[in-house]
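Quick note on numbering: my numbering labels position 267 of the sequence shown as 1124, and the sequence is numbered without any gaps. Every residue, glycine too, gets a C-beta built ideally from N, C-alpha and C. Below: one structure, written as structure tokens.
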Amino acid sequence: MTAFCRKGKITITAMLLSFALHIAVLGIFSLVSFSSSQTNTFAASGNSISLQNIKALSHTSRTVAKPKVKKLYTSDKQPRLMSKNENLVTDKDLPGKTDETNLHTSDTSLSSVPLFSCSTEFFGSPTDLRKICFVVDCSGSMKGTFGIVRRNLKDSISRLRQDQYFDIIFFKGEDLFDFGNKHLVRASENRKIQAFKFIDSVSPSGTTNAAKALNYAMGVKDSAGNAAQLIYFLTDGLDMNDNNMDFSKRIEKQRKKLAPSTVINTIGFWTELYDRSELIKVAGSSGGKFVNIE
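Here you go:
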């Protein structure tokens, strides 16, 4: 009986232990299963958020930063565009085709102030005046030096701007050779070319009549009737028929009568002492300068 009771106690105890063990195992499996399901739920939720964010970003326009560009500093004065026909030779540049209206307008707007200083010179005598008449001795006594005169005269003409006006007068004996036909012409490129040909066409010969040439030059006018602002007068001397004892006085009298505002710059080529003295007086009376070439 005692043995039976012991056996029964052992059996009950074993059953209780087995039950407790099963309960513990079931609890452990339940915890593992719950943890796994929570992990899957959070993972699914995380994946859902990521997909929503990506979808939202795909419908949002991209914002791109503006590139940095260096500031370009420009002048207020824009370059002037050259017109199609600018600087082309026109009919008014040709002899006998002078446009009096256009020349008069140019004189009125530009004559008061020279655009540039000392635009040209003749044998070291510079000027910034716009209306110039060259009076050049081509008598027989100039034969040895006329080549130099030609080169310097061409150089002076080539330096003139297109807003300037000029004439060339050669004199020998009683003959006068006038390029502009008693008119100051515009210093266009076409006129300059014509002037070079005119200079080459003259050869020295005969005697000197300087007074006649200067009086004629004082009558040269522009289109508005104004005399030259400057006369360049070049000679190697005064012949006796000029009555050089009162040459300077006679020239000054004519200047005051015909062209009171005209300045005369005189240039002497190996002149005699008395002739040189008269040329100095002619220049001084008009406010001009004398240059002596030796």
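With respect to the 9 angstroms criterion, L1087 and N1038 are not classified as neighbours on the basis of their beta carbons.
It is roughly 12 angstroms from the alpha-carbon of S1134 to the alpha-carbon of K1106.
A contact between stretches requires three or more CB pairs, one per stretch, nearer than 8 angstroms, and the region 982 to 1001 meets this requirement with the region 1014 to 1021.
Here the alpha carbons of M999 and T1128 stand approximately 11 angstroms from one another. The alpha carbon of A1067 has as its nearest neighbour, out of D1012, R1048, S1060, I1108, the alpha carbon of I1108. The Cβ neighbour count for L1130, taken over all protein chains shown within 10 Å, is under 16; the residue is labelled exposed. Here S1060 is exposed. Its C-beta has fewer than 16 other C-beta atoms within 10 Å. The C-alpha of S982 lies about 8 angstroms from the C-alpha of K1146. When beta bridges are read from the DSSP output, K1078 appears opposite H1040, A1084. Taking 9 angstroms as the cut-off, the beta carbon of T977 is found no closer than this to the beta carbon of K1029.
When secondary structure is reduced to three states using DSSP, F980 falls in the coil class, being assigned neither helix nor strand.
Boundaries of the beta strand (DSSP E) harbouring G1125: 1120 to 1126, taken from the DSSP string. The three-state reading of DSSP puts V1059 in coil, since its state is none of H, G, I, E or B. Residue environment for I1056: buried (at least 16 other C-beta atoms within 10 angstroms of its C-beta).
Inter-residue distance for Y1089 and D1035 is about 14 angstroms (C-alpha atoms, whole angstroms). Excluding sequence positions up to five before and after T984, its CB lies within less than 8 angstroms of the CB of C975, S976, T977, E978, L1087, N1122, all in the same chain and listed in chain order.
Judged by their CB atoms, V993 and F1027 are nearer to each other than the 9 angstroms cut-off.
Here D1024 is buried: its Cβ has 16 or more other Cβ atoms, across all protein chains shown, within 10 Å. A distance of 9 angstroms or more separates the beta carbons of D1093 and G1063.
Contact annotation: Y1022 and D1096 have beta-carbon atoms that are not nearer than 9 angstroms.
Residues of the same chain with a CB within less than 6 angstroms of the CB of T1002, apart from the 5 flanking positions on each side, are F1126 in chain order. At a Cβ-Cβ threshold of 9 angstroms, A1074 and A1085 count as neighbours.
Given a length threshold of 3 residues, the region 990 to 1028 has no whole run of the beta strand (DSSP E) inside it.
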